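Each residue of the sequence shown is one higher than the last, beginning at 0 in numbering that gives the first Met the number 0.
Each residue gets a CB set at the ideal place from its N, CA and C atoms; glycine is no exception.
Given the structure is predicted, the values throughout are model-derived calculations rather than measurements.
Worksheet: the structure to be examined is printed underneath.
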Amino acid sequence: MPKGYHDRVAFVDLSTGRIWYESYGEAFWRKFLGGRALAAYLLLKHVPSGADPLGPENALVFAPGVLTGTPISGSGRNTVAAKSPLTGGYGDAEGGGFFGAELKNAGLDALVVLGRAAEPVYLHVEGGEVSLHPAFHLWGKDPLEVEALLKEAHGGQTRIAQIGIAGENQVLTANVIQDLAHFAGRGGLGAVMGSKRLKAVSARARKETLPAYHDPALLKELARRMAKERMDRAAGLVTMGTVGTVRPFNLRGVLPSHNFLDGYLEGAEALDGTSLDALGIRIGRDTCYACAIRCKQVVKIEGTGKYDVRPEYGGPEYEGLGALGSTCGVTDPYAVTKANTLCNQYGLDVIGVGVTVACAMEAVERGYLDDEGLGLRFGNGDALIAAIERLARKEGRLGELLAQGAKRLAEALGHPELAMQVKGQEVPMHDPRFKRALGVGYAVSPTGADHNHNLHDTAFAKEGRALKELRFYGEDFQPLPIEDLSEAKVRMLWTKTRERGFVNSLVMCDFVPWTPEEWQEALYAATGWRLSPKEMLEVGERTLQLTRLFNLREGISPEEDRLPERFFQPFRQGNPEAHLDPGAFQEGVRTYWRLAGWEGGVDPARLQALGLGEFA
0 MPKGYHDRVA FVDLSTGRIW YESYGEAFWR KFLGGRALAA YLLLKHVPSG ADPLGPENAL
60 VFAPGVLTGT PISGSGRNTV AAKSPLTGGY GDAEGGGFFG AELKNAGLDA LVVLGRAAEP
120 VYLHVEGGEV SLHPAFHLWG KDPLEVEALL KEAHGGQTRI AQIGIAGENQ VLTANVIQDL
180 AHFAGRGGLG AVMGSKRLKA VSARARKETL PAYHDPALLK ELARRMAKER MDRAAGLVTM
240 GTVGTVRPFN LRGVLPSHNF LDGYLEGAEA LDGTSLDALG IRIGRDTCYA CAIRCKQVVK
300 IEGTGKYDVR PEYGGPEYEG LGALGSTCGV TDPYAVTKAN TLCNQYGLDV IGVGVTVACA
360 MEAVERGYLD DEGLGLRFGN GDALIAAIER LARKEGRLGE LLAQGAKRLA EALGHPELAM
420 QVKGQEVPMH DPRFKRALGV GYAVSPTGAD HNHNLHDTAF AKEGRALKEL RFYGEDFQPL
480 PIEDLSEAKV RMLWTKTRER GFVNSLVMCD FVPWTPEEWQ EALYAATGWR LSPKEMLEVG
540 ERTLQLTRLF NLREGISPEE DRLPERFFQP FRQGNPEAHL DPGAFQEGVR TYWRLAGWEG
600 GVDPARLQAL GLGEFA
């Protein structure tokens with residue numbers, strides 16, 4: 000058995016109740032590592048072409064990585080993947096917290112769920128075995144209740160991934176909730192879980208199911224290193240997390256506002272982390288398994304009545320403050336915090352929900368949509384909260400439309416131009432008029448618009464850590480202006496997306512500032528394998544090629560590598576220099592295709608070179 004693994008993947012067919020296990024051998028694990036690369040491989044193998052994403056033929060994969068569950072910061076993440084009901088193509092998301100580490104340490108390298116149960120069920124993993132249980136008593140309950148009931152049944156150390164009422168109702172922006180306050184947020188994976196009538200997956204580790212590592216002492220040394228150096232490496236994340244970026248983005252005139260019509264919103268500074276602190280909304284910090292950074296927000300509001308929130312469901316990060324706040328024109332921090340908590344409680348992607356509601360607000364203001372008396376206008380925080388309630392429950396025609404996501408909502412109204420989405424997935428809170436290469440990354444992303452497996456132009460505009468680390472892979476990259484979209488910038492993007500694929504296969508958190516040399520070192524400590532920089536990028540490229548193949552097979556053509564027309568227009572109010580030229584953008588996409596071997600589909604020679612000949 001390879002070090003760092005159990006060489007054990009569990010399969011559960013909910014239609015029949017059959018459970019079985021497969022082993023793949025050391026060569027397989029060295030090729031795919033885990034996480035995204037493993038999930039892409041398993042979906043291509045087990046989801047038939049043309050499968051209904053909400054049908055029993057879809058597969059739902061929970062895939063830790065080789066470093067998941069090790070004692071180093073950032074190792075608490077896992078991938079959740081399926082054919083996305085939101086995009087119709089490959090869908091995955093990473094969740095943090097403690098569940099992923101518990102699943103790995105309970106004796107599995109992955110869990111693949113097939114079929115559809117006749118009645119609600121949940122799965123429990125312990126001792127390397129999966130057991131199937133009825134979940135009548137859990138269906139319809141809030142995550143806090145489900146968490147308590149499953150811990151009572153299987154022990155207080157049990158960790159849980161579950162869906163809220165949005166997943167039960169198969170809302171297309173539903174997510175998977177891990178440990179109450181951590182989320183595999185994007186792609187509608189909670190809807191897939193709900194369609195299978197799978198309420199939860201619980202896991203409990205035992206000492207005898209912990210994987211053996213090649214050099215445990217080196218893993219402990221790496222853990223001590225980050226704990227000791229965390230303030231030198233990541234002081235901003237340690238003290239503020241991501242919520243401190245609202246004010247600087249707004250001052251720069253690039254904060255997504257009013258459904259991306261604007262880059263500046265008067266009063267948006269009220270949403271910044273400093274304001275949340277001054278108001279006493281942000282009461283503490285939370286962390287994930289073994290992590291010294293502690294970047295998660297904990298919030299509490301009491302005594303207001305309608306805006307009261309409990310701390311157990313976590314707090315808003317920058318993406319939530321932007322999507323539910325400025326994108327909807329709402330600057331009331333109490334209303335936005337309440338909206339974010341509702342999304343967390345109901346199991347909803349804050350980006351998807353915020354951009355969908357913003358699309359609806361614009362449609363109402365233009366006279367294209369009846370808001371059924373809700374007052375759904377930009378800036379109305381109470382209407383935002385009411386819309387989330389309707390969306391989660393699919394109440395009324397408005398709730399049904401909102402539950403379909405921005406793309407389907409806008410198409411149903413006959414105005415697809417109002418939906419800020421790529422391949423059906425709503426755009427995150429980083430505007431491609433400002434970050435041009437990131438816009439190309441949105442367009443070519445296999446999951447639709449995503450900022451996490453992407454390049455952020457601002458990090459490469461001057462000499463510093465980001466450029467130094469990217470040079471690790473062998474190319475002498477030089478600083479380029481934020482607005483640059485030359486071939487050199489796209490080559491940076493190509494390298495960065497391959498690196499992100501590698502890290503998402505380890506699986507490691509993007510917010511913990513490990514260097515590529517330290518990822519290399521940690522992988523060696525876990526497995527004894529010394530991957531070269533070239534081999535690291537090859538793992539990442541496998542994720543890109545396999546997910547591209549999946550999308551092509553499902554009918555997502557290269558023509559879908561595009562952005563909404565709004566991003567080629569200037570802000571009404573915002574940074575006047577933030578402008579994305581359509582010709583430069585198209586050339587950037589074509590350059591990326593050339594680098595990836597995608598000019599004529601997927602190059603079979605590239606697949607062979609990556610050891611993916613079975614798919615050629």
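query                                                                                                                                                                        : result
Over what stretch of residues does the beta strand (DSSP E) that includes K82 continue unbroken?                                                                             : N77 to K82
Mind the definition here: the stretch 26 to 35 touches the stretch 59 to 68 only if three or more C-beta pairs lie below 8 Å; say whether that holds.                        : yes
Does DSSP put L466 in a helix, in a strand, or in coil?                                                                                                                      : helix
For D456, does the count of other Cβ atoms within 10 angstroms reach 16, so buried, or fall short, so exposed?                                                               : buried
Which class does H429 belong to by DSSP, given the choice of helix, strand or coil?                                                                                          : coil
CB-CB under 7 Å to L579, same chain, minus the five flanking residues each way: which ones, in chain order?                                                                  : P431, R432, R435, G438, F566 and F567
Pick out whichever of E311, N339 and T330 has its Cα sitting closest to the Cα of E318.                                                                                      : N339
Leaving aside the five residues before and after D285 along the sequence, list all residues of the same chain whose C-beta is less than 8 Å from its C-beta, in chain order. : A180, R293, K295, Q296, V297 and G313
What is the C-beta distance between L545 and A39, in whole angstroms, given that I count them as a contact (C-beta under 8 Å)?                                               : 4 Å
Can you list, in chain order, the residues of its chain whose CB lies under 7 Å from that of F501, leaving out five sequence neighbours each side?                           : M535, L536, V538 and G539
Which of the three DSSP states, helix, strand or coil, is assigned to L32?                                                                                                   : coil
To which residues of the same chain is C508 closer than 6 Å at the C-beta, ignoring the five residues directly before and after it?                                          : G73 and R76
Classify Q568 as helix, strand or coil using the three-state DSSP reduction.                                                                                                 : coil
By how many angstroms is the C-alpha of F476 removed from the C-alpha of P603?                                                                                               : 29 Å
For S256, does the count of other Cβ atoms within 10 angstroms reach 16, so buried, or fall short, so exposed?                                                               : buried
Using a C-beta cutoff of 8 Å, does R185 count as contacting chain C?                                                                                                         : You won't find chain C in this structure, because it holds only one protein chain.
Let me know the secondary structure DSSP gives Q420 once reduced to three states.                                                                                            : strand
Does the separation of the CB atoms of G90 and G187 fall below 8 Å?                                                                                                          : yes
When you compare each of A92, G328, P332 and Y263 to G272 by their alpha carbons, which one comes out closest?                                                               : P332
If you reduce the DSSP assignment to three classes, tell me which class I387 lands in.                                                                                       : helix
So within the stretch 473 to 543, which uninterrupted alpha helix (DSSP H) runs reach at least 4 residues, ignoring any that extend past its ends?                           : 486 to 505 and 515 to 526
Using the beta-carbon count (16 or more within 10 Å), is G88 buried or exposed?                                                                                              : buried
Which residue's Cα is closest to the Cα of K299: C327, G266, V335 and A291?                                                                                                  : V335
Terminal residues of the continuous alpha helix (DSSP H) containing Y312?                                                                                                    : Unbroken run through Y312: none, as it is neither H nor E.
Counting beta carbon pairs with one atom in the stretch 519 to 535 and one in the stretch 475 to 491, are three or more of them shorter than 8 Å?                            : no
Locate the beta strand (DSSP E) running through D683, then write down its first and last residues.                                                                           : Absent from the structure is residue 683, since the part of the chain shown begins at 0 and ends at 615.
To the nearest angstrom, how far is the alpha carbon of R246 from that of P575?                                                                                              : 18 Å
Taking the Cβ atom as the reference point for each residue, do L102 and A226 lie within a distance shorter than 8 Å?                                                         : no
Among P445, G139, Q585 and M428, which one has its Cα closest to the Cα of L551?                                                                                             : P445
D231 lies in the beta strand (DSSP E); which residues open and close that run?                                                                                               : No beta strand (DSSP E) holds D231; the alpha helix (DSSP H) holding it covers P215 to T238.
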